[in-house]
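All remarks here apply to the structure that follows.
2 protein chains.
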Amino acid sequence: MKQELLASLGIKVTKQRKVIVAILEKSKEPITAEEIYSCIDVQEGINFSTVYRTLNTLAEKGAVTKTGEPGGKIYFQLKEHHHAHELECLACHKHIMIDECPVESFSRTLNKETGFVVTEHHLQLKGLCAECASHSDKSV
Amino acid sequence: MKQELLASLGIKVTKQRKVIVAILEKSKEPITAEEIYSCIDVQEGINFSTVYRTLNTLAEKGAVTKTGEPGGKIYFQLKEHHHAHELECLACHKHIMIDECPVESFSRTLNKETGFVVTEHHLQLKGLCAECASHSDKSV
DNA sequence: CTCTGTGCAAACACTTTGCACCAAC
DNA sequence: GTTGGTGCAAAGTGTTTGCACAGAG
Chain S
1 MKQELLASLG IKVTKQRKVI VAILEKSKEP ITAEEIYSCI DVQEGINFST VYRTLNTLAE
61 KGAVTKTGEP GGKIYFQLKE HHHAHELECL ACHKHIMIDE CPVESFSRTL NKETGFVVTE
121 HHLQLKGLCA ECASHSDKSV
Chain A
1 MKQELLASLG IKVTKQRKVI VAILEKSKEP ITAEEIYSCI DVQEGINFST VYRTLNTLAE
61 KGAVTKTGEP GGKIYFQLKE HHHAHELECL ACHKHIMIDE CPVESFSRTL NKETGFVVTE
121 HHLQLKGLCA ECASHSDKSV
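Protein sequences, first through last, are from chains S and A.
According to UniProt numbering, the first sequence is numbered sequentially starting from 1.
According to UniProt numbering, the second sequence is numbered sequentially starting from 1.
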C-alpha cells in the first residue's frame, strides 16, 4: 500500500481517503464512483459526496485520471496504471510527454459495440505546442 | 446540401431534422446539443427535446458520432467529417475499419489543458476481434 | 389514414455544493 | 487551535421520457 500517495500530494490523510485510494489500487481498470462507493458502503460507511470529492481532489492533484463515454458515468483510475504518449511540435520539434491516454476509454466503448478487444495500441500526436500555436495565430 | 441523408436512413424528413442536419453540416467540428439549439432557437423554434431526439436517432442510424469528455456535455458530429482507423486482430489477422476516432475528443481536452494543438495523428489498434476473443475466453 | 416525429413539461441520472460538525496537522 | 475534510441533504447540469397533437408517407 502506498498511502503515502496522499501525503505526497499535500492533502490530509484521512480514513476515507485511504479506503478510496486502496480501492483504486486494487482495481486494475477504471471504475466509477458508484462502484467505489459500493465497495465501501458496508464496511466503512463513507458518504457518496466524499467519494466524489476525494476522486476530484485526486484528479486535480494529478494522481487520478477520468475517462468515460460522453454523457455516461465517469471512470476513475490511478495514473500509475497509465502509459505515456508523446506530443511532437511540428514547429519547434519539442517533444512533450502526456500521461493520459484517450485509447483506454475508447477501447471500452469499442468492445461494447463490436466485441473487439484492444490489447495494444500505438498513438502518435503531432501539432503545435502552446507557444508555437500562439505565434502562428497572432502572426496572421 | 445532402438532406437525402435523412431519407437514406429510413426516417421521416421533417423540417426540424433538415435544420439540424444542416447545422451539423455547417459545423466542421463537433458541437453540443445546446449549440445546435441556440442556432435554431431564433429562426425556427425547434424544441430542445427534438434536438436531442434527432441527434440520438442520427447516432443510432450511424450518421452521427458522439464525443466528449467524461461527465461533460456530449458533442455531435456527422460521420463524414471523420477519418477512419483500423483494428488489427492479432489472432486471425483480420483488418476492421472503424470510423470513430477517440483522438478528436482527446485533442480538444488536451488543447484546453495544455494549449497544444493537435493537427495530425496516427493510431494503431491491435487486439482480438469478437470471434477470436470469444474463442480464447471459452477455451480457458 | 397511419404511424412516426414533435412540443411541452416533468422526470432522470450523475455529480456537485452549502452548511455544521469533526479530525488531521 | 486552525484548517481542511466529512456527512447530510438539497440543488445542479445535461439529457431523457410520457403524453397528446401534428405532419410525413
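Quick reminder that beta carbons are idealized off the backbone N, C-alpha and C, glycines included.
Since the model is a prediction, treat every value here as computed from it, not as a measurement.
- Taking a cut-off of 8 Å on C-beta distances, the stretch 48-61 of chain A does not touch the stretch 101-109 of chain A, as fewer than three cross pairs fall below it.
- In this model, Leu110/S and Val117/S are separated by some 8 Å (Cα to Cα).
- Interface residue (Cβ-Cβ distance to chain A less than 9 Å): Ser105/S is classified as such.
- With a threshold of 9 Å between beta carbons, Phe48/A makes no contact with chain S.
- Going by C-alpha positions, Glu86/S is about 27 Å away from His93/A.
- In the DSSP annotation of this structure, Thr67/S is not part of any alpha helix (DSSP H); the continuous beta strand (DSSP E) holding it starts and ends at Val64 to Thr67.
- The beta carbon of His95/S sits no closer than 9 Å to any beta carbon of chain A.
- Sequence-distant partners of Ile40/S (beyond 5 residues in either direction) whose C-beta falls short of 8 Å from its own C-beta, in its chain, are Val19, Ile20, Ile23, Ile46 and Val51.
- Closer than 9 Å to the CB of His121/S there is at least one CB belonging to chain A.
- Straight across, the Cα-Cα distance linking Glu4/S with Ile36/S is about 20 Å.
- For Lys28/S, there are no CB contacts under 6 Å within the same chain when 5 residues up- and downstream are skipped.
- For Cys89/A, the secondary structure class from DSSP, reduced to helix, strand or coil, is strand.
- Identification of residues in the stretch 62-73 of chain S having a C-beta nearer than 7 Å to some C-beta of chain A yields Lys66, Thr67, Gly68, Pro70 and Gly71, given in sequence order.
- Our two residues, Thr119/S and Leu123/A, have alpha carbons roughly 14 Å apart in a direct line.
- In this structure, the CA atom of Gly115/S is about 35 Å from the CA atom of Gly115/A.
- Runs of the alpha helix (DSSP H) lying entirely within the stretch 14-80 of chain S, each at least 4 residues long, are 15-26, 33-40 and 48-60 in chain order.
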